[in-house]
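Residues 303 to 482 in the numbering used here are what the sequence shown spells out, letter by letter. Positions of the beta carbon are idealized from the N, C-alpha and C atoms, including for glycine. Structure record follows, encoded as structure tokens.
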Amino acid sequence: MDTPERPALVRELEREFNRLFVRRRFNALQLARRIDPEIEPASYSVLATLQNEGPARMTSIARHLGIGKPTLSRQLTTLVSRGWVSKETDPADGRAQTVSLTAEGRERLETAQQERADRYLMMLQAWSQDEIETLSTLVAKLNRTYAEHDPAGPGLPRSDQDPQGSAQPSAGDGAAIGDE
303 MDTPERPALV RELEREFNRL FVRRRFNALQ LARRIDPEIE PASYSVLATL
353 QNEGPARMTS IARHLGIGKP TLSRQLTTLV SRGWVSKETD PADGRAQTVS
403 LTAEGRERLE TAQQERADRY LMMLQAWSQD EIETLSTLVA KLNRTYAEHD
453 PAGPGLPRSD QDPQGSAQPS AGDGAAIGDE
């Protein structure tokens with residue numbers, strides 16, 4: 303049911319998304335800096351993926367994040383050197399490695415996440431609970447719509463995943479990938 307106003311509304315929505323994505327990138331940088339001033343925001347994404355997914359092979363992590371293995375390898379080198387992730391030989395395939403979040407990595411990540419959650423609570427203080435719930439519901443619906451159309455290809459959360467964005471392991475992957 304297209305109306306003459308619909309294209310203008312969609313363009314305005316796109317402008318607002320662009321503003322939101324710029325803020326999201328800035329917030330990711332701030333969050334990464336809270337964990338360690340020397341790490342890149344992509345390292346935060348790796349830590350968060352391991353927190354939510356559990357131990358996984360590099361190929362699974364790279365696909366899940368939509369990045370290449372060389373980029374992931376760079377991030378993992380930094381995270382391993384800081385003691386926040388570990389690499390172990392995969393018991394199912396001695397040629398592969400499984401990457402895991404260490405206790406120290408989990409602690410740093412959770413501290414930064416709590417600071418971010420506290421900030422969101424403060425920012426949304428003037429919002430009613432219904433407004434927050436409505437926004438959450440609509441964003442979840444938008445994520446499902448994106449997944450149904452699958453514009454980004456494999457590796458990103460799809461519609462066959464739970465509302466938390468869980469990425470199910472692909473049949474040919476063999477990695478332990480769970481929730482995101």
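Residue i to residue j, Cα distance in whole Å?
| i | j | result |
| --- | --- | --- |
| Ser-383 | Phe-328 | 25 Å |
| Ile-363 | Arg-410 | 20 Å |
| Gln-431 | Ala-334 | 29 Å |
| Asp-395 | Leu-381 | 23 Å |
| Glu-496 | Asn-445 | No answer is possible for residue 496: it lies beyond the span of the chain, which begins at 303 and ends at 482. |
| Gln-427 | Arg-421 | 10 Å |
| Lys-443 | Glu-450 | 10 Å |
| Lys-419 | Thr-447 | Here residue 419 is Ala; the residue named in the question, Lys, does not match the sequence. Ala-419 and Thr-447: Cα-Cα distance of roughly 26 Å. |
| Gln-377 | Gln-332 | 17 Å |
| Ile-369 | Ser-375 | 10 Å |
| Leu-315 | Gln-399 | 42 Å |
My understanding is that residue i touches residue j, with C-beta atoms under 8 Å, so please give their C-beta distance in whole angstroms.
| i | j | result |
| --- | --- | --- |
| Asp-392 | Arg-359 | 6 Å |
| Val-312 | Leu-352 | Not really, about 36 Å apart at Cβ, beyond 8 Å. |
| Ala-344 | Thr-379 | The Cβ separation is near 12 Å, so there is no contact. |
| Gly-385 | Thr-413 | So it is not a contact: roughly 15 Å between Cβ atoms. |
| Glu-417 | Arg-336 | 6 Å |
Where does residue i land, buried or exposed, given buried means 16+ other C-beta within 10 angstroms?
| i | result |
| --- | --- |
| Asn-320 | exposed |
| Val-324 | exposed |
| Val-348 | buried |
| Pro-357 | buried |
| Thr-305 | exposed |
| Val-401 | buried |
| Gly-407 | buried |
| Ile-434 | exposed |
| Arg-397 | exposed |
| Arg-317 | exposed |
| Leu-440 | exposed |
| Arg-326 | exposed |
| Arg-365 | buried |
| Leu-367 | buried |
| Glu-355 | buried |
List the DSSP bridge partners of residue i.
| i | result |
| --- | --- |
| Gln-399 | Thr-391 |
| Ala-358 | Val-401 |
Contact criterion: CB-CB distance below 8 Å. Does residue i meet it with respect to chain B?
| i | result |
| --- | --- |
| Val-441 | This model lacks chain B altogether, as it is built from one protein chain only. |
Runs of 3 residues minimum, wholly inside the region 331–376: which ones carry the beta strand (DSSP E) assignment?
If we require 3 residues or more, the region 331–376 turns out to have no beta strand (DSSP E) run fully inside it.
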